[in-house]
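For reference, the structure discussed in these notes is given below.
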Amino acid sequence: MVKNKMDCSCRWFLSKPFYLLLLFLFSISCITANAAFNLSTISFDEGYSPLFGDGNLVRSPNGRTARLLLDRFTGAGFISSKMYKYGFFSANIKLPGEYTAGLCVAFYTSNGDVFEKTHDELDFEFLGNTEGKPWRFQTNLYGNGSTWRGREERYRLWFDPSKQFHRYSILWTAKNIIFYIDDVPIREVIRNEEMGSEYPSKPMSLYATIWDASSWATSGGKYKVNYKYAPFVSEFKDFALEGCPSDPIEEFPSVDCYESYSRLESADYGTITRRQRSAMHKFRQRFMYYSYCYDSLRYPVPPPECVVIPSERDRFRDTGRLKFGGSHQGRKRRSRRRGRVQVSSTVEYDPDV
23 MVKNKMDCSC RWFLSKPFYL LLLFLFSISC ITANAAFNLS TISFDEGYSP LFGDGNLVRS
83 PNGRTARLLL DRFTGAGFIS SKMYKYGFFS ANIKLPGEYT AGLCVAFYTS NGDVFEKTHD
143 ELDFEFLGNT EGKPWRFQTN LYGNGSTWRG REERYRLWFD PSKQFHRYSI LWTAKNIIFY
203 IDDVPIREVI RNEEMGSEYP SKPMSLYATI WDASSWATSG GKYKVNYKYA PFVSEFKDFA
263 LEGCPSDPIE EFPSVDCYES YSRLESADYG TITRRQRSAM HKFRQRFMYY SYCYDSLRYP
323 VPPPECVVIP SERDRFRDTG RLKFGGSHQG RKRRSRRRGR VQVSSTVEYD PDV
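Start counting the sequence shown at 23; every next residue gets the next number (my numbering).
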């Protein structure tokens, strides 16, 4: 019989296809086999303030949970009460379910309100889909206003993010940037000298928003937000916010900040273990469907932070997308997040076509 933990001596009384399916699911479960991070969480009021949306930002009575709603009148968002020079930004998030086409739920850091033309940014952007099709998401980064050079990667998930909470985290240090889902690193960007000012280096705030991205989020704008299903609700809880509060116009950080930097780098999320690196490789092999590093049409010479892995490269065409299915076209996206307007060149690819 099949036990909770897959036994290598499992009998073949199951059909071979079904057994292989179970084996595949077991291998996916290994992605999340690591112990949880040791985090101190805070309430909403301890670290955040409303950004926009008025009544569409709903906090629980104890302040430990916040809901962001999108209806036909407005979306909603919140922002960290302080700006940080390097940090760890994290929350447990549950996304809306059913029909979510046209939605964008964003969890990101930015200083666009202070440095309009030279802003830095680190993104999780969750992109909704038609009913019965999965959420997708992308990570991206900009440094010193380099919006002309998109650094996006796109992925699927190994779970339904609308069914339960999962932790999404961004680690940002002077040495590297790591995007995490739960405690699985899914992307690492290591700073090098060739990146120069394009490595994010100015104090940033943490943002969370939900908004109508009908013009681009699902199949390049083919499927719009359907407000028959409104309100769309995204939930946030178990907030973790580590870093050194910084004045964005201060030229040199305080002594306390250097101590904060050391704590970030020595924390359990500050270093990718061998087991986590194996989990990251599995995730990228199975769930990443676009990478700018392999898009030779956009970048004949990969940007300097790209580490070209032959086994990864072989899976992608020169468009940076997988070699099976889908469509690829260039597009321009106008960001509609509150507080900034940005036009950038990026890539739209629908893996479900």
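Idealized CB from N, CA, C, for every residue including glycine. Here the structure is a predicted model, which means the values were calculated and not measured.
Exercise for review: To the nearest angstrom, report how far apart Leu-144 and Gly-150 are at their CA atoms.
Suggested key: Within the sequence shown, numbered from 1, the residue matching residue 144 stands at position 122. Within the sequence shown, numbered from 1, the residue matching residue 150 stands at position 128. Leu-144 and Gly-150: Cα-Cα distance of roughly 20 Å.
query: Can you list, in chain order, the residues of its chain whose CB lies under 6 Å from that of Tyr-121, leaving out five sequence neighbours each side?
result: By one-based count along the sequence shown, residue 121 stands at place 99. Contacts found: Glu-153, Asn-248, Tyr-251.
Put Leu-61 into one of helix, strand or coil per three-state DSSP. On the sequence shown, residue 61 is found 39 positions in, with the first residue counted as 1. Looking at Leu-61 - three-state DSSP - the assignment turns out to be coil, as it is neither helix nor strand.
- Query: Should Trp-157 go down as buried or exposed, given a rule of 16 or more other Cβ atoms within 10 Å for buried?
  - Reply: Taking the sequence shown and counting its residues from 1, one reaches residue 157 at position 135. It is buried - the Cβ of Trp-157 has at least 16 other Cβ atoms within 10 Å.
Query raised in the report: Within the chosen definition, does the segment 206-221 reach the segment 266-275 through at least 3 CB pairs nearer than 8 Å?
Result: no
**Request:** Look up Glu-272 in the DSSP assignment and say whether it is helix, strand or coil.
**Result:** Numbered from its first residue, the sequence shown carries residue 272 at position 250. It is coil, neither helix nor strand.
Who are the near neighbours of Gln-186 in its chain, counting only those whose CB is closer than 7 Å to its CB and skipping five residues on each side? Position 164 of the sequence shown, counted from the first residue, corresponds to residue 186. If we look at Gln-186 and ignore the five residues flanking it on each side, its Cβ neighbours are Lys-116.
Identify, in the order they occur along the chain, each residue of the same chain with its Cβ nearer than 6 Å to the Cβ of Ile-294, setting aside the five sequence neighbours on each side.
Taking the sequence shown and counting its residues from 1, one reaches residue 294 at position 272. Excluding residues within five positions, the ones whose Cβ falls inside 6 Å are Pro-207.
Notebook entry, point to check: According to DSSP, is Phe-95 helix, strand or coil?
Noted result: To locate residue 95, count along the sequence shown from 1; it is residue 73. DSSP places Phe-95 in coil when its eight states are reduced to three.
**Message:** Taking the alpha-carbon of Leu-286 as reference, which of Arg-297, Ser-256, Lys-197, Gly-134 has the nearest alpha-carbon?
**Reply:** Locating residue 286 in the sequence shown gives position 264, counting from the first residue. The candidate whose alpha carbon is nearest that of Leu-286 is Lys-197.
Pick helix, strand or coil for Leu-286, following the three-state DSSP scheme.
As a working note, residue 286 is residue 264 in the sequence shown. The answer is helix: DSSP assigns Leu-286 an H, G or I state.
(message) When you compare the CB of Gln-298 with every CB in chain C, is at least one pair closer than 8 Å?
(response) Among the chains of the structure shown, chain C does not appear; only one protein chain is present.
- Where the alpha helix (DSSP H) containing Ser-333 begins and where it ends: Mapped onto the sequence shown, residue 333 falls at position 311. Run containing Ser-333: 332-335, per the alpha helix (DSSP H) assignment.
message = Let's see if you can read the secondary structure: which residues bound the alpha helix (DSSP H) around Phe-66?
response = For the purposes of this step, residue 66 is taken as the residue at position 44 of the sequence shown. Start and end: 66-69.
Bounding residues of the alpha helix (DSSP H) (the contiguous stretch that carries Phe-15): Residue 15 falls outside the range modelled here, since the chain spans only 23 to 375, and no answer is possible.
Is the segment 93-108 touching the segment 69-78, taking contact as three or more C-beta pairs under 8 Å?
yes
Q: Check the DSSP bridge columns for Ile-101 and list the partner residues they point to.
A: Numbered from its first residue, the sequence shown carries residue 101 at position 79. Ser-71, Tyr-229.
(message) DSSP three-state label for Gly-265, please.
(response) Taking the sequence shown and counting its residues from 1, the one referred to as residue 265 is at position 243. DSSP places Gly-265 in strand when its eight states are reduced to three.
Counterpart residues of Thr-87 in DSSP-defined beta bridges: Here residue 87 is taken as the residue at index 65 of the sequence shown, counted from 1. In the DSSP output, where bridge partners are listed per residue, Thr-87 has Lys-259.
**Study point:** Local Cβ density within 10 Å of Pro-118, reported as buried at 16 or more and exposed below that
**Key:** Residue numbering aside, residue 118 sits at position 96 when the sequence shown is read from its first letter. With 16 or more Cβ atoms within 10 Å of its Cβ, Pro-118 is classed as buried.
> In terms of residues, what are the limits of the beta strand (DSSP E) holding Glu-143?
Replying inline: Counted from its first residue, the sequence shown places residue 143 at position 121. Looking at the DSSP string, the run of the beta strand (DSSP E) that includes Glu-143 is 143-149.
Requested in this report: State the CB to CB distance for the pair Gly-99 and Ala-230, rounded to an integer number of angstroms; the pair is presumed to be in contact (CB under 8 Å).
Outcome: In the sequence shown, counting from the first residue as 1, residue 99 sits at position 77. In the sequence shown, counting from the first residue as 1, residue 230 sits at position 208. Contact flag correct, Cβ pair sits at about 6 Å.
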